[in-house]
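Position 10, counted from 1, in the sequence shown is what full-length UniProt numbering calls 10; the numbers after and before it change by one each time, with no gaps. Cβ coordinates follow ideal geometry from the N, Cα and C atoms, glycine included.
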Amino acid sequence: MADNVEEGTETTTVVKNETVDVTDVEPQNIQEAIGIVVRKALEANGLVRGLSEVARALDRRTAHMCILAADCEDEEYKQLIKALASQANIDFIEVDSREELARWAGLQRTKSDSSVKTMKCSCVAIRDFGEQTKALHMLLDQLAH
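Structure below.
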């Protein structure tokens, strides 16, 4: 909030400090931490989705982390992503479900009757983590061990 105060011919703008309460909760488990990190990357426009884009990001070494769904149907696809991540020394995480990964990655459609349909996503890569959170630190600590 700003107030303008005129003194002679000069105009001075006074800005009042407003505090915004930002909560950074401690995730209960590693799955919750992955979800938070993926959502923060999506907010920062640092999330890559889809086979060709993820493979390109891994090949160019622009990704910091790769997350693959364990229930991916194509075994060759899984091998390719694992090999590219390993070759580039990029952190690799496997999650249980494509639906859960898609929900975290924002791949949902809202139908006209207000029902939400979640798509499926086999793989995402993170180029930019966004803001530093407790979930990110927990995840990086887990990967370091």
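Reference residue i, options the options, closest by Cα
{"i": "Cys123", "options": "Asn89, Asp24, Gln28, Arg103", "result": "Arg103"}
{"i": "Ala83", "options": "Arg56, Gln28, Val48", "result": "Arg56"}
{"i": "Gly130", "options": "Ser52, Glu73, Leu47, Glu26", "result": "Leu47"}
{"i": "Gln87", "options": "Asp96, Thr62, Met138, Gln108", "result": "Thr62"}
{"i": "Val116", "options": "Arg127, Ile126, Asp128, Glu99", "result": "Glu99"}
{"i": "Met119", "options": "Thr110, Gln79, Arg127", "result": "Thr110"}
{"i": "Asp128", "options": "Ala44, Ile36, Gln28", "result": "Ala44"}
Simplified DSSP assignment, three categories, for residue i
{"i": "Gln132", "result": "coil"}
{"i": "Asp24", "result": "coil"}
{"i": "Asp145", "result": "One point to set straight first is that residue 145 is His, not Asp, in the sequence displayed. The answer is coil: DSSP assigns His145 none of H, G, I, E or B."}
Exposed unless 16 or more other CB atoms sit within 10 angstroms - verdict on residue i
{"i": "Arg49", "result": "buried"}
{"i": "Val54", "result": "buried"}
{"i": "Lys40", "result": "buried"}
{"i": "Thr133", "result": "buried"}
{"i": "Ala135", "result": "buried"}
{"i": "Gln144", "result": "Looking at the sequence itself, residue 144 is Ala, so the reference to Gln does not match. Label assigned to Ala144: exposed."}
{"i": "Val22", "result": "Residue placement at Val22 is poorly supported in this model, since its pLDDT is 41, which falls under 50; the coordinates still yield a value, given next. Answer is exposed; the Cβ neighbour count stays below 16."}
{"i": "Val25", "result": "exposed"}
Proximity of residue i and residue j at Cβ, strictly below 8 Å
{"i": "Glu94", "j": "Leu58", "result": "no"}
{"i": "Leu42", "j": "Gly106", "result": "yes"}
{"i": "Gln142", "j": "Ile30", "result": "yes"}
{"i": "Asp71", "j": "Ser112", "result": "no"}
{"i": "Leu140", "j": "Ile34", "result": "no"}
{"i": "His64", "j": "Ile81", "result": "no"}
Residue i at chain B interface by Cβ criterion, 8 Å
{"i": "Ala85", "result": "Looking for chain B here will not work: only one protein chain is present."}
**Item:** Unbroken stretches of the beta strand (DSSP E), 3 residues or longer, contained in the UniProt domain "Ribosomal protein eL8/eL30/eS12/Gadd45" (34-125)
**Value:** Listed in chain order, the complete beta strand (DSSP E) runs (minimum 3 residues) inside the UniProt domain "Ribosomal protein eL8/eL30/eS12/Gadd45" (34-125) are 47-49, 65-69, 91-95, 108-110, 116-118.
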